[in-house]
Amino acid sequence: MSTEIASAGRIVVGTDGSQRASKAVEWAADRAVARKLPLLVVFTMTNANILVGEVAGAAATRQRDQLRETLKQLEQLPDNLRAVFPGLDVSSVVVEGTPAEVLAQASRDAELVVVGARGETAPLGVRLLGGVSDAVAAHSVGPVAVISDDAHENPGGPVVVGVDDSEPSRAAVRLAFDAATVRGVPLIMYSAFPYGSADVSRYSDPAKHNPYSEEHRQQITAEVLELAADEIAAHPDVPVEVRVEWGRPQDVLVEASRQAGLLVVGSRGRGGFRGLLLGSTSKHVIRAAHCPVIITRGQDAEGRPLSV
17 MSTEIASAGR IVVGTDGSQR ASKAVEWAAD RAVARKLPLL VVFTMTNANI LVGEVAGAAA
77 TRQRDQLRET LKQLEQLPDN LRAVFPGLDV SSVVVEGTPA EVLAQASRDA ELVVVGARGE
137 TAPLGVRLLG GVSDAVAAHS VGPVAVISDD AHENPGGPVV VGVDDSEPSR AAVRLAFDAA
197 TVRGVPLIMY SAFPYGSADV SRYSDPAKHN PYSEEHRQQI TAEVLELAAD EIAAHPDVPV
257 EVRVEWGRPQ DVLVEASRQA GLLVVGSRGR GGFRGLLLGS TSKHVIRAAH CPVIITRGQD
317 AEGRPLSV
């Protein structure tokens, strides 16, 4: 058992042996094959796992048996994955530490970190306090893919990206163009106007009434296209569409995810384009999106632009 992992240049996915984790592992394996990258499957041993080996009693015995079975499955996992994903370069490792800390640390040099998450059906306490996926997304340096219980597989669906003018959003746009190129699908860039209390009191159903002019909408569209101009020029084969909607960004993006194959958002955007918000939506999107979600930031801890 190690305290460090060789994550550089790899897709890294965490597992605890559960069905939820298996879904994330399979998604990560598929993306590793598509991108011709090695895959590393990580299982973490916490202090509780280690100490249970020294405790007597029926409960401790059951935990030890479950842990042995999980470790046995992990040892067999690379061969099982190769059988399903021919050509996959995959290995597994057992690491001492907590899952969130280990995966967040791996994000410093991994190409992508992948983690499973409980969706909207999770207990209220989990949704309010968060879990491993929330912690990894909050503390990671590089991009993190979150595969929730409710995420569907729609490989032919478009890549959807939320846009404002923050650096994390710019990184999200770069990654989204890259993903659309690899998948061979269109890219849809969404910007959302969040309505305020004054708007809500003015209209009985804000979703059906847009107080912003068409000229304003066109201006925002032009600004989004300008922000993405370099990526559009670099990816001439990717069909691009801009959609400017009125509503909470998290609601707009979750609704868009119903038909998407992948949703990309920047974390901790500062807002821009005269009031657009993005960064505050990421936690909600992780839970509620209907497709896999990638959360990304603009730069790593040393200020080096991420290779997305």
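According to the numbering used here, the sequence shown is numbered sequentially starting from 17.
Backbone N, C-alpha and C define an ideal beta-carbon position, used for all residues, glycine too.
Predicted model, so just to flag it, every value in this text is computed and none were measured.
Since I believe residue j is in contact with residue i (beta carbons under 8 Å), could you give me their beta-carbon distance rounded to a whole number of angstroms?
{"i": "Glu9", "j": "Phe193", "result": "In the structure displayed, the chain extends from 17 to 324; residue 9 sits before or after that span and is not available."}
{"i": "Val58", "j": "Gly30", "result": "5 Å"}
{"i": "Ile21", "j": "Val111", "result": "6 Å"}
{"i": "Ala305", "j": "Ser164", "result": "7 Å"}
{"i": "Arg259", "j": "Ile204", "result": "6 Å"}
Measure the alpha-carbon distance for residue i versus residue j and round it to whole angstroms.
{"i": "Cys307", "j": "Asp105", "result": "25 Å"}
{"i": "Arg190", "j": "Asp95", "result": "34 Å"}
{"i": "Gly173", "j": "Ala167", "result": "13 Å"}
{"i": "Glu261", "j": "Leu128", "result": "30 Å"}
{"i": "Asp32", "j": "Val256", "result": "38 Å"}
{"i": "Leu269", "j": "Val240", "result": "16 Å"}
{"i": "Leu279", "j": "Lys88", "result": "34 Å"}
{"i": "Ala44", "j": "Tyr206", "result": "25 Å"}
{"i": "Pro102", "j": "Pro171", "result": "18 Å"}
{"i": "Val179", "j": "Ser34", "result": "34 Å"}
{"i": "His155", "j": "Ile236", "result": "31 Å"}
{"i": "Leu53", "j": "Ala24", "result": "11 Å"}
{"i": "Ser107", "j": "Glu242", "result": "42 Å"}
{"i": "Gly263", "j": "Val301", "result": "14 Å"}
{"i": "Pro210", "j": "Asp267", "result": "10 Å"}
{"i": "Gln92", "j": "Glu85", "result": "11 Å"}
{"i": "Gly355", "j": "Arg303", "result": "Given that the chain is displayed from residue 17 to residue 324, the structure contains no residue 355 and the question cannot be resolved."}
{"i": "Leu90", "j": "Leu97", "result": "11 Å"}
{"i": "Arg36", "j": "Glu42", "result": "10 Å"}
{"i": "Gly291", "j": "Asp181", "result": "With a pLDDT of 46 at Gly291, under the threshold of 50, the predicted position of this residue should be treated as unreliable, though the coordinate-derived value follows. Computed Cα separation, rounded: 10 Å."}
{"i": "Ala126", "j": "Gln234", "result": "38 Å"}
{"i": "Glu169", "j": "Glu183", "result": "29 Å"}
{"i": "Arg51", "j": "Lys299", "result": "27 Å"}
Indicate whether residue i and residue j have their beta-carbon atoms separated by less than 8 Å.
{"i": "Ala133", "j": "Ser123", "result": "no"}
{"i": "Val281", "j": "Ala188", "result": "yes"}
{"i": "Val176", "j": "Ala250", "result": "no"}
{"i": "Ala40", "j": "Val131", "result": "yes"}
{"i": "Ala195", "j": "Pro265", "result": "no"}
{"i": "Pro159", "j": "Thr312", "result": "yes"}
{"i": "Thr114", "j": "Thr62", "result": "yes"}
{"i": "Ala151", "j": "Ser283", "result": "no"}
{"i": "Leu56", "j": "Val109", "result": "yes"}
Using 10 angstroms around the beta-carbon of residue i, count the other beta-carbons present and answer buried if the total reaches 16, otherwise exposed.
{"i": "Ala99", "result": "exposed"}
{"i": "Ala116", "result": "buried"}
{"i": "Ile66", "result": "Caution applies to Ile66, whose pLDDT of 49 falls short of 50 and renders its modelled position unreliable; the value that the coordinates give is listed next. That one is exposed."}
{"i": "Ser185", "result": "buried"}
{"i": "Gln82", "result": "exposed"}
{"i": "Asp253", "result": "exposed"}
{"i": "Gln121", "result": "buried"}
{"i": "Ser333", "result": "With the chain covering only 17 through 324, there is no way to say anything about residue 333."}
{"i": "Arg199", "result": "buried"}
{"i": "Ala238", "result": "exposed"}
{"i": "Arg47", "result": "buried"}
{"i": "Arg274", "result": "exposed"}
Quick check: is any heavy atom of the ligand NAD less than 7 Å from the C-beta of residue i?
{"i": "Gly30", "result": "Absence of the ligand NAD from the depicted structure is noted, as is the absence of any ligand whatsoever, leaving it without description."}
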